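Notes for the one structure printed next.
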Amino acid sequence: MKTKITLLSAAILSTSLSLMPATATAALPMSVEGQQLPSLAPMLERTTPAVVSVAVSGTHVSKQRVPDMFRYFFGPNAPQEQVRERPFRGLGSGVIIDASEGYIVTNNHVIDNADEILIGLHDGREFTAKLVGRDEDSDIALLQIEADGLTAVKSADSDALRVGDFAVAIGNPFGLGQTVTSGIVSALGRSGLGIEMLENFIQTDAAINSGNSGGALVNLNGELIGINTAIVAPGGGNVGIGFAIPANMMHSLVDQILEHGEVRRGVLGISGQDLDSKLAKAFGLETQHGAFVNEVVPDSAADDGGLKAGDIITSVNGKKIKSFQELRAKIATLGAGAKVKLGLVRDGDEKTVKVTLGAQNQSKLASAGGVHPMLQGATLENAGKGVEITEVTPNSPAAQSGLLKGDVIVGINRSKVANLKALTDYLKDASGTVALKIVRDDVAMYLMLRG
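Residues -26 to -1, 1 to 425 in mature numbering (1 follows the signal peptide of the UniProt record, and there is no 0) are what the sequence shown lists, from first letter to last.
In structure tokens, the structure reads:
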């Protein structure tokens, strides 16, 4: 039986809640024998203004090929595809991380394909947000609003979390308005769930539901430890298994977006697998947690740092790792050029090596959604006098924009585009609809990208 894992944004199509009558209970005292009872209220009064609601609206565009047998009746100029547009609205949550700049973090899936993003503050004010950047693989998006009197949440070191630490989830479930639930950290370093490309989740039993996506997971000091993202929901509701992106991972991605306008993946240059009991026994190891190195790529960061096939990586910057997937997520989100200390076991001895992470091939950009929302699903590559579309995912925004494999982008509006950097730099500050000039089968044409 396959476990159902659900992302937490809520579509506003036909939401209905079954409400049960409450049983009357006696009011609890605020204090006993003069001693104040423990309460999370003081912490929440400071923290909840930093958590916002995120309302989005847009249009889903789908294309379906018209069968030849039907096109025959409408002549040779009949359209090859039927285009359907369906409006949508959705709700999610977000967290203010910088009050002076108005920066808000949420999940990428909350704002995906949105034409308009409306932020609702705790004090009732509403503002239209601008998308600064996003990373589809890790499901993080950075928004910005222009507003005074904002409150930002402080962040804790999420690498210092322990299973059993108390956790409080704050968000906007089912569009009810801001809601607070509490629990504990149930597990760390969760991966292999198939939710995102890069997974290193905090697991919690704090009750979170649809609409909590992008909301805050905080500790008892009111410090941010994670961004709520998904739940295991076999019956569609909360069962006490929720997942949050660690705060440290989020901040690393946001820093890259602010510095470069995109996330620049760190690359170690190894292939490997989880350390399991059989491998541990074969190598005479007591630990059964870590990443086993099958191969080291020549001239890579790993090769330059002295890693070897057969090494077992057990920590990153002094923090233990449990799996190869956790290692992969940490390395990728630390970013190109980051200096990293890796703890490892080699021939039974513990060692530490230092590496400087490499970068993904800058002549190729697989996550084109970070360049422009309507390019998501396309793979871009430098190609002489422009940027070639080397792959297009069916039914993706890029496909819906009319892009095809083999198209070469040579201009935007009246400006020439010679390479990926020029394309990224131009679209970073572009707003509204832009005209994308492409060459297809030696014929120049324009496609419109909605901002």
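For each residue, glycine too, the CB sits at the ideal point set by N, CA and C.
Every value quoted in this text rests on a predicted model; they were computed, and no experiment measured them.
Query: DSSP three-state assignment for Val270, whether helix, strand or coil; Result: strand
Query: Straight-line gap, Leu256 to Asp321 (C-alpha atoms, nearest Å); Result: The question names Leu, but residue 256 in the sequence shown is Ala. Spanning the two alpha carbons is a distance of roughly 11 Å.
Query: Backbone secondary structure at His414 - three-state DSSP; Result: It is worth fixing the name first, because residue 414 is Arg in this sequence and not His. Correct three-state label for Arg414: strand.
Query: Buried/exposed call for Leu194, threshold 16 Cβ in 10 Å; Result: exposed
Query: Enclosing alpha helix (DSSP H) for Pro371 [first to last residue]; Result: 371 to 374
Query: Nearest candidate by alpha-carbon position, reference Leu232, set Thr407, Ile386, Ala275, Leu105; Result: Leu105
Query: Option nearest Leu259 by Cα separation, candidates Ala276, Val69, Gly284, Val206; Result: Gly284
Query: Minimum C-alpha distance to Ala392 - residue among Lys379, Ala357, Leu378; Result: Ala357
Query: Unbroken beta strand (DSSP E) run spanning residue 447, endpoints; Result: Because the chain is modelled from -26 through 425, residue 447 falls outside the range shown and cannot be assessed.
Query: Proximity to Ala333 [Cα-Cα], best of Gly66, Leu242, Val271; Result: Leu242
Query: CB of Gly351 within 8 Å of CB of Val361, strictly; Result: no
Query: Cβ-Cβ distance between Ala103 and Leu124 below 8 Å; Result: no
Query: N- and C-terminal bounds of the alpha helix (DSSP H) containing Asp399; Result: 394 to 402
Query: CB of Asn174 within 8 Å of CB of Ala303, strictly; Result: yes
Query: Boundaries (first-last residue) of the beta strand (DSSP E) holding Glu236; Result: Note, Glu236: premise wrong, no beta strand (DSSP E); not H, not E.
Query: In DSSP terms, what Lys390 is bridged to; Result: Gly385
Query: N- and C-terminal bounds of the alpha helix (DSSP H) containing Ile182; Result: Where Ile182 is concerned, there is no enclosing alpha helix (DSSP H), given that its DSSP letter is neither H nor E.
Query: Test item: CB-CB of Met348 and Arg414 under 8 Å; Result: no
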